[in-house]
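Converting from the sequence shown to this note's numbering requires adding 457 to each position, the first position being numbered 1.
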Amino acid sequence: MLTSGKQISIYIGVDPSGPQIHLGHAVVLRKLREFQNLGHKVIFLIGDFTG
458 MLTSGKQISI
468 YIGVDPSGPQ
478 IHLGHAVVLR
488 KLREFQNLGH
498 KVIFLIGDFT
508 G
């Protein structure tokens, strides 16, 4: 799929009040940015149900 030349959509959701958010998430965020720079659609959802 990545080599087909078609745009893909990539999604990640984060709960800002969760204790699991840490610097390690920066790896995923950097990769999402790379996909965005390549012309793909990135959806970053910040949940607020518990935040």
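We put the beta carbon where it would ideally sit given N, CA and C, even for glycine.
Chain-order list of residues whose beta-carbon lies under 8 Å from that of residue i (same chain, five-residue window excluded)
i, result
"Lys498", "Gln464, Ile465, Ser466, Ile467"
"Ile500", "Ser466, Ile467, Tyr468, Ile469"
"Leu502", "Tyr468, Ile469, Gly470, Val471"
"Gln493", "Val499"
Residue i versus residue j - alpha carbon distance
i, j, result
"Leu486", "Asp472", "15 Å"
"His482", "Leu495", "20 Å"
"Thr460", "Glu491", "15 Å"
"Asp505", "Leu489", "21 Å"
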